[in-house]
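Notes to accompany the following structure.
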Amino acid sequence: MLKIKLLSIVLILFINCQSNTKETILWVNSNKVSCGTENDKCLQIQKGENFQNGEWENFKSKITGFDYQEGFIYKLRVKETPVENSSSEASKKKYTLVETILKKEDQKLKLNGNWEAFKINGSIIKQRRIVGAGGIPQLHIDIEQMKIRGNDNCNNFRGTIKKLNETEIEWGPMATTLKMCADMSIPKRFNPAMEAVKKYKFKGDNLILTDENGNELFEFIRLADTKMRLNDLWALEAIEGKSILDTKAPTIEIQSKKMRLMGNDGCNNFSGEITTLTNTEFTVGRLRSTKKMCEDMTLSNRFNHLLNSVRSYRLSELKLSLIDELGNVVLVFKKID
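Under our numbering, the very last position in the sequence shown is 433; numbers go up by exactly one each time.
Rendered as C-alpha coordinates:
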(Lines of atoms letter the chains of each structure in order from A and count residues from 1; the text may use other names and numbers.)
(Lines give C-alpha, C1' and ligand atoms only; values in the text may rest on other atoms or scores of the structure.)
Protein backbone atom coordinates (compact mmCIF):
# COMPACT_ATOMS: atom_id res chain seq x y z
CA MET A 1 0.00 0.00 0.00
CA LEU A 2 2.85 2.37 0.93
CA LYS A 3 4.63 1.60 -2.33
CA ILE A 4 1.50 2.44 -4.28
CA LYS A 5 1.22 5.80 -2.51
CA LEU A 6 4.86 6.63 -3.20
CA LEU A 7 4.50 5.74 -6.85
CA SER A 8 1.39 7.88 -7.06
CA ILE A 9 3.23 10.88 -5.59
CA VAL A 10 6.16 10.43 -8.00
CA LEU A 11 3.75 10.13 -10.92
CA ILE A 12 1.87 13.29 -9.90
CA LEU A 13 5.14 15.21 -9.57
CA PHE A 14 6.29 13.94 -12.96
CA ILE A 15 3.01 14.97 -14.59
CA ASN A 16 3.20 18.41 -12.96
CA CYS A 17 6.75 18.91 -14.20
CA GLN A 18 5.79 17.83 -17.69
CA SER A 19 2.79 20.15 -17.73
CA ASN A 20 4.95 23.12 -16.64
CA THR A 21 7.68 22.40 -19.20
CA LYS A 22 7.40 24.33 -22.46
CA GLU A 23 9.47 24.75 -25.58
CA THR A 24 10.75 28.17 -26.57
CA ILE A 25 13.05 29.75 -29.15
CA LEU A 26 16.28 31.42 -28.00
CA TRP A 27 18.70 33.49 -30.09
CA VAL A 28 22.23 33.48 -28.66
CA ASN A 29 24.69 36.27 -29.46
CA SER A 30 28.18 35.67 -30.88
CA ASN A 31 30.12 36.93 -27.86
CA LYS A 32 29.83 36.78 -24.11
CA VAL A 33 29.76 39.92 -21.96
CA SER A 34 30.71 40.81 -18.41
CA CYS A 35 27.85 40.38 -15.96
CA GLY A 36 28.69 41.20 -12.39
CA THR A 37 32.48 41.01 -12.11
CA GLU A 38 35.03 41.42 -14.89
CA ASN A 39 35.81 37.69 -14.92
CA ASP A 40 32.14 36.66 -14.78
CA LYS A 41 31.00 36.21 -18.40
CA CYS A 42 27.50 35.34 -19.51
CA LEU A 43 25.62 34.74 -22.75
CA GLN A 44 23.35 37.29 -24.39
CA ILE A 45 19.97 36.08 -25.63
CA GLN A 46 16.65 37.17 -27.04
CA LYS A 47 13.46 35.12 -27.10
CA GLY A 48 11.06 34.66 -29.97
CA GLU A 49 10.80 33.32 -33.51
CA ASN A 50 12.10 36.48 -35.19
CA PHE A 51 15.53 38.04 -34.61
CA GLN A 52 15.66 41.71 -33.52
CA ASN A 53 18.90 43.62 -34.14
CA GLY A 54 20.51 44.83 -30.93
CA GLU A 55 17.76 43.55 -28.58
CA TRP A 56 20.00 41.43 -26.35
CA GLU A 57 19.65 40.66 -22.63
CA ASN A 58 22.15 39.01 -20.32
CA PHE A 59 21.54 35.33 -19.64
CA LYS A 60 23.15 33.80 -16.54
CA SER A 61 21.56 30.36 -16.77
CA LYS A 62 23.08 27.32 -18.50
CA ILE A 63 21.61 25.47 -21.46
CA THR A 64 22.13 21.76 -20.96
CA GLY A 65 23.46 20.08 -24.11
CA PHE A 66 24.44 23.35 -25.83
CA ASP A 67 28.06 23.56 -27.06
CA TYR A 68 28.65 27.31 -27.43
CA GLN A 69 31.31 28.60 -29.83
CA GLU A 70 32.16 32.29 -29.85
CA GLY A 71 31.87 34.07 -33.19
CA PHE A 72 28.51 32.55 -34.20
CA ILE A 73 24.89 33.60 -33.73
CA TYR A 74 22.59 30.71 -32.81
CA LYS A 75 18.87 30.07 -33.04
CA LEU A 76 17.91 27.32 -30.58
CA ARG A 77 14.81 25.41 -29.63
CA VAL A 78 14.98 24.67 -25.90
CA LYS A 79 12.87 23.16 -23.15
CA GLU A 80 12.15 25.58 -20.32
CA THR A 81 11.31 23.96 -16.98
CA PRO A 82 10.55 25.83 -13.71
CA VAL A 83 12.76 24.93 -10.74
CA GLU A 84 11.02 25.02 -7.37
CA ASN A 85 12.65 26.56 -4.29
CA SER A 86 15.44 28.12 -6.35
CA SER A 87 17.91 30.29 -4.42
CA SER A 88 18.78 32.64 -7.29
CA GLU A 89 17.07 34.35 -10.20
CA ALA A 90 19.35 32.61 -12.71
CA SER A 91 18.34 29.12 -11.53
CA LYS A 92 14.55 29.58 -11.39
CA LYS A 93 14.31 27.85 -14.77
CA LYS A 94 16.20 24.96 -16.29
CA TYR A 95 16.98 25.10 -20.01
CA THR A 96 17.69 22.02 -22.12
CA LEU A 97 18.65 22.06 -25.80
CA VAL A 98 16.15 20.41 -28.12
CA GLU A 99 17.49 21.52 -31.49
CA THR A 100 20.03 23.92 -33.05
CA ILE A 101 17.94 25.54 -35.77
CA LEU A 102 20.60 27.97 -37.04
CA LYS A 103 24.31 28.63 -36.57
CA LYS A 104 25.85 31.45 -38.63
CA GLU A 105 29.12 33.39 -38.46
CA ASP A 106 28.72 36.90 -37.03
CA GLN A 107 30.16 39.50 -39.40
CA LYS A 108 30.29 42.10 -36.59
CA LEU A 109 33.25 40.36 -34.96
CA LYS A 110 35.34 41.03 -38.07
CA LEU A 111 35.28 44.68 -36.98
CA ASN A 112 37.43 43.87 -33.94
CA GLY A 113 41.04 45.01 -34.05
CA ASN A 114 43.31 47.68 -35.45
CA TRP A 115 42.64 49.48 -38.73
CA GLU A 116 44.63 52.01 -40.77
CA ALA A 117 42.90 54.49 -43.08
CA PHE A 118 43.70 53.88 -46.76
CA LYS A 119 41.12 56.21 -48.32
CA ILE A 120 39.04 59.16 -47.08
CA ASN A 121 36.03 60.09 -49.26
CA GLY A 122 37.44 57.91 -52.04
CA SER A 123 40.88 59.55 -52.14
CA ILE A 124 44.01 57.60 -51.20
CA ILE A 125 45.90 59.16 -48.27
CA LYS A 126 49.24 60.22 -49.71
CA GLN A 127 51.49 60.22 -46.68
CA ARG A 128 54.50 58.30 -45.48
CA ARG A 129 53.13 55.22 -43.80
CA ILE A 130 54.45 55.35 -40.25
CA VAL A 131 52.83 53.92 -37.16
CA GLY A 132 51.53 55.98 -34.25
CA ALA A 133 50.88 59.66 -33.65
CA GLY A 134 51.58 61.85 -36.68
CA GLY A 135 51.15 58.96 -39.07
CA ILE A 136 48.25 57.60 -41.10
CA PRO A 137 44.95 57.84 -39.15
CA GLN A 138 44.16 54.69 -37.20
CA LEU A 139 41.07 53.18 -35.62
CA HIS A 140 40.86 50.47 -32.97
CA ILE A 141 37.45 48.78 -32.54
CA ASP A 142 36.54 46.71 -29.46
CA ILE A 143 33.16 45.03 -29.96
CA GLU A 144 32.98 43.40 -26.52
CA GLN A 145 33.48 46.73 -24.74
CA MET A 146 31.57 48.65 -27.46
CA LYS A 147 34.39 51.20 -27.59
CA ILE A 148 36.70 52.76 -30.17
CA ARG A 149 39.94 54.72 -30.02
CA GLY A 150 42.45 56.01 -32.52
CA ASN A 151 44.37 58.91 -34.01
CA ASP A 152 43.33 61.34 -36.74
CA ASN A 153 46.97 62.07 -37.80
CA CYS A 154 47.27 64.74 -35.09
CA ASN A 155 45.00 64.10 -32.10
CA ASN A 156 44.11 60.95 -30.19
CA PHE A 157 40.43 60.19 -29.71
CA ARG A 158 38.31 57.63 -27.88
CA GLY A 159 34.61 56.98 -27.57
CA THR A 160 31.74 54.50 -27.52
CA ILE A 161 29.73 52.56 -30.08
CA LYS A 162 26.06 53.37 -29.49
CA LYS A 163 24.57 51.27 -32.30
CA LEU A 164 25.82 48.09 -33.96
CA ASN A 165 24.14 45.41 -36.02
CA GLU A 166 24.89 43.42 -39.20
CA THR A 167 25.11 46.53 -41.40
CA GLU A 168 24.94 49.63 -39.17
CA ILE A 169 27.44 51.24 -36.82
CA GLU A 170 27.19 54.58 -35.03
CA TRP A 171 29.51 56.29 -32.56
CA GLY A 172 28.49 57.68 -29.19
CA PRO A 173 30.19 60.58 -27.37
CA MET A 174 33.85 61.15 -28.28
CA ALA A 175 36.75 62.61 -26.28
CA THR A 176 39.82 63.96 -28.07
CA THR A 177 43.06 65.76 -27.42
CA LEU A 178 43.18 69.34 -28.71
CA LYS A 179 46.61 69.75 -30.32
CA MET A 180 47.19 72.02 -33.33
CA CYS A 181 49.66 70.29 -35.62
CA ALA A 182 51.65 71.99 -38.39
CA ASP A 183 49.59 70.27 -41.06
CA MET A 184 45.90 69.76 -40.21
CA SER A 185 44.76 68.82 -43.72
CA ILE A 186 44.19 65.13 -42.95
CA PRO A 187 42.36 65.70 -39.61
CA LYS A 188 40.09 68.25 -41.34
CA ARG A 189 38.99 65.51 -43.76
CA PHE A 190 39.04 62.64 -41.28
CA ASN A 191 36.92 64.07 -38.44
CA PRO A 192 33.84 65.24 -40.44
CA ALA A 193 33.81 61.89 -42.20
CA MET A 194 33.91 60.06 -38.84
CA GLU A 195 30.91 62.06 -37.65
CA ALA A 196 28.92 60.98 -40.71
CA VAL A 197 29.52 57.22 -40.33
CA LYS A 198 26.29 55.18 -40.16
CA LYS A 199 26.96 51.87 -41.93
CA TYR A 200 29.75 49.42 -42.68
CA LYS A 201 30.63 46.56 -45.00
CA PHE A 202 33.67 44.55 -46.02
CA LYS A 203 35.46 44.55 -49.35
CA GLY A 204 37.67 41.49 -49.16
CA ASP A 205 39.66 42.01 -45.97
CA ASN A 206 39.19 45.80 -46.01
CA LEU A 207 36.62 47.69 -43.93
CA ILE A 208 34.37 50.22 -45.67
CA LEU A 209 32.53 52.85 -43.58
CA THR A 210 29.69 54.74 -45.28
CA ASP A 211 27.08 57.38 -44.54
CA GLU A 212 23.37 56.54 -44.19
CA ASN A 213 22.92 56.62 -48.00
CA GLY A 214 25.77 54.18 -48.60
CA ASN A 215 28.29 56.77 -49.82
CA GLU A 216 31.82 55.62 -49.02
CA LEU A 217 33.58 57.70 -46.35
CA PHE A 218 36.53 55.46 -45.44
CA GLU A 219 38.39 52.40 -46.58
CA PHE A 220 40.54 50.87 -43.83
CA ILE A 221 43.11 48.09 -44.03
CA ARG A 222 43.71 45.77 -41.09
CA LEU A 223 46.87 46.30 -39.04
CA ALA A 224 48.84 43.90 -36.92
CA ASP A 225 48.98 44.82 -33.23
CA THR A 226 51.54 47.63 -33.41
CA LYS A 227 52.24 47.81 -29.70
CA MET A 228 53.85 44.36 -29.82
CA ARG A 229 56.52 45.80 -32.13
CA LEU A 230 57.66 48.01 -29.24
CA ASN A 231 58.57 44.88 -27.31
CA ASP A 232 62.35 45.33 -27.58
CA LEU A 233 65.52 47.09 -26.44
CA TRP A 234 66.01 50.72 -27.48
CA ALA A 235 68.94 53.16 -27.16
CA LEU A 236 68.48 56.94 -27.05
CA GLU A 237 69.59 58.58 -30.29
CA ALA A 238 68.28 62.13 -29.85
CA ILE A 239 66.80 64.27 -27.07
CA GLU A 240 64.70 67.32 -27.96
CA GLY A 241 66.15 67.24 -31.48
CA LYS A 242 69.80 67.00 -30.41
CA SER A 243 71.83 63.90 -31.28
CA ILE A 244 73.29 61.84 -28.44
CA LEU A 245 76.91 60.77 -28.99
CA ASP A 246 77.59 59.60 -25.43
CA THR A 247 78.50 55.91 -25.20
CA LYS A 248 76.52 55.84 -21.94
CA ALA A 249 73.32 57.01 -23.63
CA PRO A 250 70.08 56.06 -21.83
CA THR A 251 68.42 52.81 -22.85
CA ILE A 252 64.94 51.37 -22.31
CA GLU A 253 63.41 47.90 -22.56
CA ILE A 254 59.68 47.72 -23.28
CA GLN A 255 57.76 44.60 -22.26
CA SER A 256 54.39 45.08 -23.96
CA LYS A 257 52.67 41.96 -22.66
CA LYS A 258 53.63 42.65 -19.05
CA MET A 259 53.09 46.43 -19.43
CA ARG A 260 56.54 46.98 -17.91
CA LEU A 261 59.35 49.42 -18.67
CA MET A 262 62.95 49.20 -17.48
CA GLY A 263 66.25 50.72 -18.47
CA ASN A 264 69.11 53.01 -17.60
CA ASP A 265 69.06 56.83 -17.69
CA GLY A 266 72.81 57.10 -18.29
CA CYS A 267 73.57 56.78 -14.59
CA ASN A 268 70.85 54.88 -12.70
CA ASN A 269 68.80 51.81 -13.49
CA PHE A 270 65.02 52.20 -13.34
CA SER A 271 61.86 50.13 -13.72
CA GLY A 272 58.12 50.64 -13.52
CA GLU A 273 54.70 50.19 -15.08
CA ILE A 274 53.43 51.28 -18.47
CA THR A 275 50.04 52.79 -17.67
CA THR A 276 48.78 53.27 -21.25
CA LEU A 277 49.82 51.44 -24.41
CA THR A 278 47.72 51.44 -27.58
CA ASN A 279 48.61 51.74 -31.26
CA THR A 280 49.23 55.46 -30.71
CA GLU A 281 49.33 56.19 -26.96
CA PHE A 282 52.16 55.54 -24.52
CA THR A 283 52.43 56.73 -20.90
CA VAL A 284 54.46 55.48 -17.95
CA GLY A 285 53.62 55.42 -14.27
CA ARG A 286 55.90 55.98 -11.31
CA LEU A 287 59.41 54.67 -11.95
CA ARG A 288 61.64 53.20 -9.24
CA SER A 289 65.33 53.99 -9.59
CA THR A 290 68.72 53.38 -8.02
CA LYS A 291 70.19 56.44 -6.28
CA LYS A 292 73.74 56.82 -7.61
CA MET A 293 75.20 60.29 -8.11
CA CYS A 294 77.29 60.35 -11.29
CA GLU A 295 79.77 63.05 -12.25
CA ASP A 296 77.40 64.71 -14.73
CA MET A 297 73.67 64.26 -14.13
CA THR A 298 72.47 66.75 -16.78
CA LEU A 299 71.45 64.18 -19.41
CA SER A 300 69.97 61.77 -16.86
CA ASN A 301 67.83 64.43 -15.20
CA ARG A 302 66.52 65.77 -18.51
CA PHE A 303 65.82 62.25 -19.82
CA ASN A 304 63.76 61.31 -16.75
CA HIS A 305 61.75 64.53 -16.94
CA LEU A 306 60.94 64.03 -20.62
CA LEU A 307 60.13 60.33 -20.24
CA ASN A 308 57.41 61.24 -17.75
CA SER A 309 55.98 63.82 -20.17
CA VAL A 310 55.43 61.29 -22.99
CA ARG A 311 51.83 60.75 -24.14
CA SER A 312 52.12 59.07 -27.56
CA TYR A 313 54.62 57.52 -29.95
CA ARG A 314 55.52 57.02 -33.58
CA LEU A 315 57.28 53.95 -35.01
CA SER A 316 59.12 54.14 -38.33
CA GLU A 317 61.33 51.24 -39.41
CA LEU A 318 63.87 50.88 -36.54
CA LYS A 319 63.23 54.28 -34.93
CA LEU A 320 60.89 54.93 -31.99
CA SER A 321 59.84 58.56 -31.37
CA LEU A 322 58.21 59.49 -28.07
CA ILE A 323 55.94 62.53 -28.13
CA ASP A 324 54.64 64.87 -25.42
CA GLU A 325 51.06 66.17 -25.05
CA LEU A 326 51.82 69.19 -27.27
CA GLY A 327 52.92 66.96 -30.13
CA ASN A 328 56.66 67.60 -29.70
CA VAL A 329 59.05 64.71 -30.36
CA VAL A 330 61.10 64.72 -27.15
CA LEU A 331 62.98 61.40 -27.32
CA VAL A 332 64.10 59.33 -30.32
CA PHE A 333 65.39 55.77 -29.87
CA LYS A 334 66.94 53.23 -32.22
CA LYS A 335 66.45 49.49 -31.90
CA ILE A 336 69.53 47.73 -30.55
CA ASP A 337 68.37 44.13 -30.14
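Think of the CB as a built atom: it goes at the ideal place given N, C-alpha and C, for glycine as much as any other residue. Treat the numbers as computed from the prediction; the structure is a model and nothing was measured.
Which residues bound the beta strand (DSSP E) around residue i?
i, result
"threonine 272", "265 to 272"
"methionine 290", "Unbroken run through methionine 290 is the alpha helix (DSSP H), 281 to 291; no beta strand (DSSP E)."
"threonine 374", "Counting along the chain, threonine 374 falls outside any beta strand (DSSP E), and DSSP gives it neither H nor E."
"cysteine 131", "129 to 131"
"aspartate 420", "415 to 420"
"threonine 343", "Taken as a continuous stretch (DSSP letters only), threonine 343 belongs to no beta strand (DSSP E), as it is neither H nor E."
"alanine 278", "From DSSP, alanine 278 is part of no beta strand (DSSP E); its letter is neither H nor E."
"tryptophan 330", "329 to 335"
"tyrosine 296", "295 to 299"
"glutamate 153", "153 to 155"
"glutamine 351", "347 to 351"
"glutamate 391", "No beta strand (DSSP E) holds glutamate 391; DSSP gives it neither H nor E."
"glycine 359", "356 to 360"
"glycine 381", "378 to 385"
"asparagine 302", "302 to 306"
"isoleucine 432", "Unbroken run through isoleucine 432: none, as it is neither H nor E."
Using the Cβ count rule (16 or more neighbours within 10 Å means buried), how would you classify residue i?
i, result
"glycine 231", "buried"
"cysteine 113", "Low confidence applies here, because cysteine 113 scores a pLDDT of 49, under 50, leaving its location unreliable and the question unanswered by this model."
"leucine 274", "exposed"
"alanine 278", "exposed"
"phenylalanine 378", "buried"
"arginine 245", "buried"
"tyrosine 164", "exposed"
"alanine 213", "buried"
"valine 428", "buried"
"leucine 414", "exposed"
"isoleucine 239", "buried"
"threonine 160", "exposed"
"glutamate 336", "exposed"
"aspartate 248", "buried"
May I ask which residues mark the beginning and end of the alpha helix (DSSP H) holding residue i?
i, result
"asparagine 397", "394 to 405"
Candidates the options: which alpha carbon is nearest residue i's?
i, options, result
"lysine 200", "Glu413, Thr192, Pro178, Phe168", "Phe168"
"phenylalanine 399", "Gly359, Ile370, Asn125", "Gly359"
"lysine 118", "Ile237, Arg173, Asn364", "Arg173"
"lysine 137", "Glu266, Ser126, Gly368, Asn311", "Ser126"
"lysine 243", "Asn249, Leu235, Cys250", "Leu235"
"asparagine 287", "Ile432, Arg254, Thr160, Ser157", "Arg254"
"isoleucine 216", "Glu153, Pro269, Asn365, Asp307", "Asp307"
"lysine 206", "Lys430, Ser396, Ile317", "Ile317"
"serine 412", "Arg382, Asn311, Asn375", "Asn375"
"aspartate 361", "Ser219, Gly132, Met393", "Met393"
"threonine 196", "Arg285, Tyr170, Leu418, Glu145", "Tyr170"
Would you please state the rounded distance, in angstroms, between the beta carbons of residue i and residue j? I believe it to be under 8 Å.
i, j, result
"threonine 347", "alanine 331", "5 Å"
"alanine 292", "leucine 260", "So it is not a contact: roughly 17 Å between Cβ atoms."
"serine 389", "leucine 373", "It should be noted that the sequence gives methionine, not serine, for residue 389. Actually they do not touch by this definition, with Cβ atoms about 32 Å apart."
"asparagine 364", "lysine 387", "7 Å"
"leucine 416", "tyrosine 409", "6 Å"
"isoleucine 432", "leucine 329", "5 Å"
"leucine 341", "serine 367", "The pair is not a contact, with the Cβ atoms about 26 Å apart (cut-off 8 Å)."
Can you check the stretch 184 to 266 for any beta strand (DSSP E) of at least 3 residues that lies completely inside it and give the ranges in chain order?
-> The stretch 184 to 266 contains these whole beta strand (DSSP E) runs: 189 to 201, 209 to 216, 234 to 238, 243 to 247, 252 to 260.
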